[in-house]
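Participant:
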Amino acid sequence: MRKYLKRMGLTFFIFILQINFSCFPVLWHNYFDIVNDNEKQSTRIFSPAISSPISSQVMNVSLNWQYLVDGDGIESTPCVTNLNEDEDLEIILCSKGVYCFNSTGMLLWHALSGRYFSSSPCFADLDQDGTKEIVVAGERKNVYCLSSSGKTLWTYNIYDFIFASPSVADLDQDGNLEILIGSTDHIFYCLNSTGGLLWKFVTQGEIFNTAIIADLDLNGSPEILVNSADQNLYCLRKNGVEKWRFSTSTHIGRFSVGNLDKDPYLEIILNTNIEGNVLYCIDNNGREQWNVTLTYAPISNLCLADVNGDGYLEITVGAFENYLYCLDYKGSILWGYEAENLINSSPIAVDLNNNGQLEILVASYDCNLYCLSSTGSLLWKFSSDTVFDSSPIAVDLNHDNKLEILIGMGDCFDQCLFFCLNLTGVERSGDGQWYCFLGSSFRTGQPDSDSDFLDDATEYSYSNDKYPEFENTSLDPYNPDTDNDQLTDYDELFTFGTNPLNPDTDNDGFSDLEEIERDSDPNDSNSVPNPDLGKVLLVILVPILSTIIIPVLAYFAAITFRKMRDNRRAIRAKKKISDQKKLLRNLLLLPEKTEISIASLSQRLDLSSQKIVDLLEFWEQADYLRKFGIFDSDKQLFLKITPHDYPNKSAFCYYCEKPISISALRCPTCGFETLICIVCGKPIGCDEIEGLCPHCYTHFHLDHLLDFINIHGKCPNCYRGLDKKLINLLIKKPKTEEEKD
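Per this note's numbering, residue 144 is the first one in the sequence shown, and the count goes up by one each step.
1. Between which two residues does the alpha helix (DSSP H) carrying S891 extend?
2. In the DSSP assignment, find the beta strand (DSSP E) that holds S390 and state where it starts and stops.
3. Out of curiosity, what's the CA-to-CA distance linking D608 and L869?
4. To the nearest angstrom, report how far apart S185 and N227 are at their CA atoms.
5. F175 by DSSP, collapsed to three states: which one?
6. Do N300 and N285 have their C-beta atoms closer together than 8 Å?
7. Quick check: the Cα distance between D360 and D406, rounded to an integer number of angstroms?
8. Unbroken alpha helix (DSSP H) runs of length 4 or more, entirely within the stretch 509–554: which are they?
9. Taking its Cβ as the centre, do 16 or more other Cβ atoms sit within 10 Å of I691, making it buried, or is it exposed?
10. Output needed for H253: all residues of its chain with C-beta closer than 6 Å, excluding positions within five of it in sequence on either side, in chain order.
11. Can we say the stretch 323–337 touches the stretch 350–370, given the rule of at least three CB pairs closer than 8 Å?
12. Less than 8 Å separating the beta-carbons of T327 and D303?
13. Check for me: the beta strand (DSSP E) holding Q271 runs from which residue to which?
14. DSSP puts I755 in a beta bridge; with which residues?
15. Would D649 and F639 be called neighbours here (beta carbons separated by less than 8 Å)?
16. Buried or exposed, going by whether 16 or more other CB atoms sit within 10 Å of the CB of L522?
17. Which residues in the same chain as E483 place their Cβ atom closer than 8 Å to its Cβ, once the five residues preceding and following it in sequence are excluded?
18. Is K702 helix, strand or coil when you go by DSSP?
19. Just to confirm, are D404 and Y332 a CB contact at a threshold of 8 Å?
20. Report the rounded CA-to-CA distance for R388 versus T529, giving the unit in angstroms.
21. Here's a check: name, in chain order, each residue in its chain whose Cβ is nearer than 6 Å to the Cβ of K801, leaving out the five neighbours to either side.
22. Compute the beta-carbon to beta-carbon distance between L376 and F344, rounded to the nearest angstrom, for a pair I have assumed lies under 8 Å.
23. Judging by CA-CA distance, which residue of F795, A700 and I755 is the nearest neighbour of K779?
24. Does the Cβ of Q111 have 16 or more other Cβ atoms within 10 Å, making it buried, or fewer, making it exposed?
25. Could you check if A537 is buried or exposed, using at least 16 other CB atoms within 10 Å of its CB as the buried criterion?
26. Grab the span of the alpha helix (DSSP H) containing D846 for me, first residue to last.
27. For N444, which of S534, I503, L456 and D231 has the nearest alpha-carbon?
28. With DSSP collapsed to three states, give me the class of N729.
29. Helix, strand or coil, according to DSSP, for A312 in the structure here?
30. Run through the DSSP bridge pairs and tell me what D775 is partnered with.
31. Have a look at D866, L546, R809 and I458 and flag the residue whose alpha-carbon is nearest the alpha-carbon of A794.
32. Take every Cβ of the stretch 827–835, pair it with every Cβ of the stretch 844–851, and state whether three or more of those distances are shorter than 8 Å.
33. List the endpoints of the continuous beta strand (DSSP E) containing E905.
34. So N362 and C839 are in contact, right, with Cβ under 8 Å, and what is the actual spacing, rounded?
35. What residue range is occupied by the uninterrupted alpha helix (DSSP H) comprising L656?
36. Measuring straight from C-alpha to C-alpha, what distance separates S371 and D268?
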């Protein structure tokens, strides 16, 4: 940001009118006392000012360690990961060169020391060798890929400055990662995992901000969002072809992605930087949902997190005129906090003291790092000798269940300090939904709902199913341990390399946790834990302790019997559900106005007539049956119907079940777009049975989809071959009157 302001010719204006001059005398009167060690450089450059807690809470921070790095300021946010697959985390920081520290602040290596980096690093296993590589973008025209030991693996040269951070994703889902980066040469680049150019997209302006990758239309293929100084936000397909663009009358600044309104699709929140005071919300197709004009221009990256615990994401953003805003998902301002200078730092939202509420951490050009409550009141602040131009990151470095805070100083003279802060007065920390710049170290611009250091987009990227509510084959973004094996999804993916969807990755009968705790390889079925010494002794002592063992065995036999009984009950319950699905599918696939006897259904489905009658009567009482048929209990007949009548040229909204005109494109009550059957062009009402294409997930009237398949043999939308037996059948449960209101 500072470099961008310099290009705008505003640096001296800011320093004259904005900077708090009270911090300047300290710079001239500090004396450096630097102690060099072979392994660690500790510094005593100043005594940081740490405020007393503002409220009755005792939470505060203390300095854990600090390190003096080269450069005239730290603008990048560090990333934290486990590079060498041990139990300790490593910290990657960019300034003048790339630094790697261990969790105690000891320097492990310093690479590219002659080059300056203002963007943030990211990491990924690019060559699939089991260790992570680090991707950084040098301000002077180069993208670098470093090994976990700091060795340069490859370089890609770009012909202008780079201020954006790189993004990494598997765009074409071929198992190989791509690197995405924009430059001030107006070009957005896509590189392969070895640094070769795959494609590039040319804009009409400079690119300063990091791209965001997200599956906006839920088709299993990610889209790429990138903005340019040409006043456009571009949405690109995975091959670099423009899909849509959103244009404003001023320069578009930073942006983030999240599901604000809890519909299936993501929204995009973007600001207009120092040239405008507007915050926009647009949908997944680039259409504006709302905008709000703020008193002060929003300039920082946006933080999306459920700050107030209402179940919806709030938007937190720093402004040019000393202000931090917190807005709800509809764009209404909830609260604001006024600092003493502009806020360029990206806010983060974490539960520092495990009180069930998120705290907001944000740094300012007034030389302070602020900690605010979920309602915007000041809890504490950490003061530096000079401004903060980078963003904080919160992470548990030493595995003590308390978060540490990392942040670097900006605008120094040749050298600057990198801080690690400890929390005091805190027993343990809680969850965090947005713990660093762009939400996580993967830089996706999406929140981390389950606080496992895997943002929601990254969790969905480890799934073949973009609709996890239909089938449990994806990482759960709301559960940090999807397979419930007491290992977090993050640790399974990036520490142990195990399958986060399978508690026993190598299927050898020993859980991943058991193998790790007993020094066995959880990824090798030939590697099994050493025998448990207690079990060996038990076998040896059986003859002697038989009087004790027999009652114990009887006890476990009783438990086993109980489990077997419960399993049988579960099997019967599954059989009951299977019978319901079998009957429902056969009834829904009957041609319209077909009459069939219960006896025929019984013979066809191998179900008893009484079971079929019981299910039909149950569906009739639950008001499901009227959507697709009529049951005559006296004649023991079922008549298939599919109503598509539109009295008074109106239907019922699929989402809120309120009346809408059949020509309406959007529901006037709930504001959602009308769900249209593309075969007939009419709305799909909440009271109608639907068919869902398993390839493109498009909704249709079931009977219209069946008719089209009978004639053409393929989906009307994606034109892929489709068997009617593969259609997903959906019946929407009607809302109660209280739910409608």
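Just so it is clear, CB atoms sit at the ideal spot from N, CA and C, and this is done for glycine as well.
Facilitator: Well, looking at it:
1. Because the chain spans 144 through 884 in this model, residue 891 falls outside it and cannot be assessed.
2. From DSSP, the beta strand (DSSP E) with S390 extends over E385 to S390.
3. Its pLDDT being 37, under 50, D608 is placed unreliably in this model, and the coordinates cannot settle the point.
4. Per-residue confidence for S185 stands at a pLDDT of 36, beneath the threshold of 50, marking its modelled position as unreliable; no derived number is given.
5. Note that F175 has pLDDT 29, beneath the 50 cutoff, so the model's placement of it is unreliable and no number is given.
6. Yes.
7. CA-CA distance, D360 to D406, rounds to 12 Å.
8. Taking 4 residues as the minimum length, the stretch 509–554 contains no alpha helix (DSSP H) run wholly inside it.
9. It is exposed - the Cβ of I691 has fewer than 16 other Cβ atoms within 10 Å.
10. Non-local beta-carbon contacts of H253 in its own chain, meaning distances under 6 Å to residues more than five positions away in sequence, involve G240 and Y242 in chain order.
11. The stretch 323–337 vs the stretch 350–370: in contact.
12. Against a cut-off of 8 Å, the Cβ pair of D303 and T327 comes out as a contact.
13. Neither: Q271 is in no beta strand (DSSP E) and is coded neither H nor E.
14. Beta-bridge annotation (DSSP): I755 is not paired with any residue.
15. Cβ distance not < 8 Å, so D649 and F639 don't count as in contact.
16. Flag for L522 reads buried.
17. Answer for E483: N163, N465, S507, D509 and N511, listed in chain order.
18. A quick correction: the sequence has Ile, not Lys, at residue 702. Helix, per DSSP.
19. Taking 8 Å as the Cβ cut-off, D404 and Y332 do not qualify as a contacting pair.
20. Pairing R388 with T529, the inter-Cα distance amounts to about 40 Å.
21. So the qualifying residues of the chain are T812.
22. The Cβ separation is near 13 Å, so there is no contact.
23. Here residue 779 is Gln; the residue named in the question, Lys, does not match the sequence. Of the candidates F795, A700 and I755, the one whose C-alpha sits nearest the C-alpha of Q779 is I755.
24. Outside the modelled stretch of the chain, which goes from 144 to 884, sits residue 111, for which no answer is possible.
25. A537 comes out buried.
26. In the DSSP assignment, D846 falls within the unbroken alpha helix (DSSP H) covering L845 to H855.
27. Looking at S534, I503, L456 and D231, the one whose alpha-carbon comes closest to that of N444 is S534.
28. Under the three-state reduction of DSSP, N729 is assigned to helix.
29. When secondary structure is reduced to three states using DSSP, A312 falls in the strand class.
30. Secondary-structure assignment with DSSP links D775 through a beta bridge to L780.
31. Considering only alpha carbons, the answer is R809.
32. The stretch 827–835, when compared against the stretch 844–851, does touch it at the 8 Å Cβ threshold.
33. Here the chain has residues from 144 to 884 only, and residue 905 is not among them.
34. Contact between N362 and C839 holds, since their C-beta atoms are separated by about 6 Å, short of 8 Å.
35. It spans D655 to E660 - the alpha helix (DSSP H) in which L656 sits, taken as one unbroken run.
36. Straight-line measurement puts the Cα of D268 at about 29 Å from the Cα of S371.
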